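Chemist: Okay, handing you the structure first.
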Amino acid sequence: MPIHILSAQDLWTLTVLSGFDVSDDSPLKALDAWIDEFSNERAFSASIRRLYKVNYLWKRKDGKLRVNLSILPALLVLMQPEEITLFFSLKYIQSSENYFLKRSNTIVHYTPSLDFKIHSFSYPWDLTLMERWLENELKLRVTKDSDVYFQLSLHPHEFLALVTIQQILRERYRRSGKLSLKDSSIDYDDLLSAFKNTPKFIMHQELNELADELIKKEDLIYYAIESLKEKGLMRSVSKNKFVYTDISKELFDPGLIVDFGIAYYKSKYSRRPKEYDIIYHEDKVILFNIERKNIRLRVLNTKRALKFLRRTVFPRVKRKVSPR
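Counting with our numbering, you get residues 17 to 340 for the letters of the sequence shown.
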């Protein structure tokens with residue numbers, strides 16, 4: 017399977033010459049941010065010469081150029097995907113975004129660089145290749161086998177409190193490389209300050225609104241922590257200070273976390289996208305998502321995580337059509 021590696025300019029040139037429109041759902045829509053630069057006559061002409069030299073463009077009998085027919089199907093999928101699966105990773109920055117774009121029965125694997133200047137894609141992929149790819153990604157991070165499996169439901173306020181505490185501790189861990197009991201202790205002022213300064217959950221409008229609500233109504237933070245204590249996920253160490261319990265430490269302690277990621281799926285056949293945030297440990301995968309008014313956490317080994325993600329965020333398998 018060939019891997020095509022192109023500059024942003026050359027990929028944009030191919031999209032223009034392909035004759036296809038770029039849909040709003042396509043990740044290539046972001047190339048429009050450089051349209052003034054890319055459409056400059058000198059830059060556009062230089063791009064055409066480069067693409068012709070490496071056979072991405074052919075000359076027709078009438079002398080006009082056309083896109084090589086062998087990559088037209090991939091361009092159509094890239095520009096007008098019907099289903100999108102995205103795996104995003106924070107630490108493994110060389111492959112931070114991996115898109116699997118599907119149209120009809122064709123799947124294209126597409127990866128832009130972090131600065132969006134270099135783009136690679138390969139095709140045709142199928143569900144078996146996707147599963148192998150994801151299995152390798154999981155094993156790269158989750159290096160120890162386990163038989164862990166349990167689920168937990170949290171109110172969004174409780175979840176936001178746990179995640180924000182994690183971010184506070186992660187910053188403390190980054191500075192010192194360890195967490196003493198004193199470093200691990202959080203008070204309500206720490207939490208409120210972090211809520212005000214923590215970056216938003218980019219794709220989660222509901223979580224963004226709830227975070228704003230917690231800032232405006234400080235008593236909700238208190239109730240969230242008290243509820244977490246009742247559930248055995250936090251415990252008091254003094255009147256105003258609290259720490260993770262062993263259970264929540266096992267899940268959220270930044271010293272134990274290998275990587276963070278997102279698994280995202282969107283289809284024109286379904287009403288709402290599906291999104292699962294991922295925390296990778298050495299021996300388990302933690303998936304969490306919004307389900308109605310609760311946050312569902314699933315703690316799985318690699319085998320179960322692969323099976324779950326395949327069922328939820330992989331492209332649909334085309335159903336067999338019965339004869340009329």
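Glycine is no exception: its CB is placed at the ideal position from the N, C-alpha and C atoms.
From a predicted model like this one, the values you see are computed outputs, not experimental measurements.
Whole angstroms are fine: how far does the CA of P97 sit from the CA of D37?
Modeler: Locating residue 37 in the sequence shown gives position 21, where the first residue counts as 1. Locating residue 97 in the sequence shown gives position 81, where the first residue counts as 1. Taking the straight line joining both Cα atoms gives about 11 Å.
Chemist: Sort L325, P89, H171 by Cα distance to S120 and report the nearest one.
Modeler: Stepping through the sequence shown from its first residue, residue 120 is reached at position 104. Ranking L325, P89, H171 by Cα distance to S120 puts P89 first.
Chemist: Grouping DSSP H, G and I as helix and E and B as strand, with all else coil, what is I19?
Modeler: Start at 1 with the first residue of the sequence shown, and residue 19 comes out as number 3. Note: I19 maps to strand in three-state DSSP.
Chemist: Applying the criterion that 16 or more other CB atoms from any shown protein chain within 10 Å of the CB defines a buried residue, is I218 buried or exposed?
Modeler: Within the sequence shown, the letter at position 202 stands for residue 218. The predicted position of I218 is uncertain, since its pLDDT is 43 and thus under 50; a value taken from the coordinates is nonetheless stated next. I218 comes out exposed.
Chemist: Can you tell me whether I202 is buried or exposed, with buried defined as 16 or more other CB within 10 angstroms of its CB?
Modeler: What you label residue 202 is simply residue 186 of the sequence shown in a count that begins at 1. Classification for I202: buried.
Chemist: Output yes or no for whether 8 Å exceeds the beta carbon distance between H20 and I64.
Modeler: Mapped onto the sequence shown, residue 20 falls at position 4. Mapped onto the sequence shown, residue 64 falls at position 48. Not a contact, by the Cβ cut-off of 8 Å.
Chemist: Excluding the 5 residues flanking E234 on each side, which residues of the same chain have their C-beta closer than 7 Å to its C-beta?
Modeler: Start at 1 with the first residue of the sequence shown, and residue 234 comes out as number 218. Here the set comprises L208.
Chemist: If you compare alpha carbons, which of K77, T29, V93 is closest to D41?
Modeler: The count along the sequence shown starts at 1 and reaches residue 41 at position 25. Out of K77, T29, V93, V93 has the C-alpha closest to the C-alpha of D41.
Chemist: For G248, does the three-state DSSP call read helix, strand or coil?
Modeler: Locating residue 248 in the sequence shown gives position 232, where the first residue counts as 1. Coil at G248, not helix or strand.
Chemist: Cutting at 7 Å between CB atoms, please list the residues of its own chain near L230, excluding the five before and the five after it.
Modeler: Residue 230 sits at position 214 when you count from the first residue of the sequence shown. Excluding positions up to five away in sequence, the list reads H173, L176, F211, L236, I237.
Chemist: Can you tell me where the alpha helix (DSSP H) with S61 in it begins and where it stops?
Modeler: Translated into positions along the sequence shown, residue 61 becomes position 45. Here the alpha helix (DSSP H) through S61 covers 57-69.
Chemist: Taking the CB atoms as reference points, tell me whether F132 and G277 lie closer together than 8 Å.
Modeler: As a first step, residue 132 is located in the sequence shown; it is residue number 116 there, counting from the start. As a first step, residue 277 is located in the sequence shown; it is residue number 261 there, counting from the start. In this structure, G277 does not lie closer than 8 Å to F132 by Cβ.
Chemist: From N317, T159, W74, Y165, pick the residue whose C-alpha is nearest to that of V274; which is it?
Modeler: Here residue 274 is taken as the residue at index 258 of the sequence shown, counted from 1. Checked all of N317, T159, W74, Y165; the closest Cα to V274 is T159.
Chemist: Taking all protein chains shown into account, decide if P43 is buried (16 or more other Cβ within 10 angstroms of its Cβ) or exposed.
Modeler: For the purposes of this step, residue 43 is taken as the residue at position 27 of the sequence shown. The residue in question, P43, is buried, as its Cβ has 16 or more Cβ neighbours within 10 Å.
Chemist: Over what stretch of residues does the beta strand (DSSP E) that includes A426 continue unbroken?
Modeler: For the chain, the structure presents residues 17 to 340; residue 426 sits outside this window and is missing.
Chemist: With a 10 Å radius around its C-beta and 16 neighbouring C-beta atoms as the bar for buried, classify R157 as buried or exposed.
Modeler: Locating residue 157 in the sequence shown gives position 141, where the first residue counts as 1. It counts as buried.
Chemist: Identify the residues that DSSP records as bridge partners of R76: which are they?
Modeler: Locating residue 76 in the sequence shown gives position 60, where the first residue counts as 1. Answer is none; R76 lacks a bridge partner.
Chemist: With distance defined between alpha-carbon atoms, name the residue in P128, V124, A321 nearest to L145.
Modeler: By one-based count along the sequence shown, residue 145 stands at place 129. Nearest option by C-alpha distance: V124.
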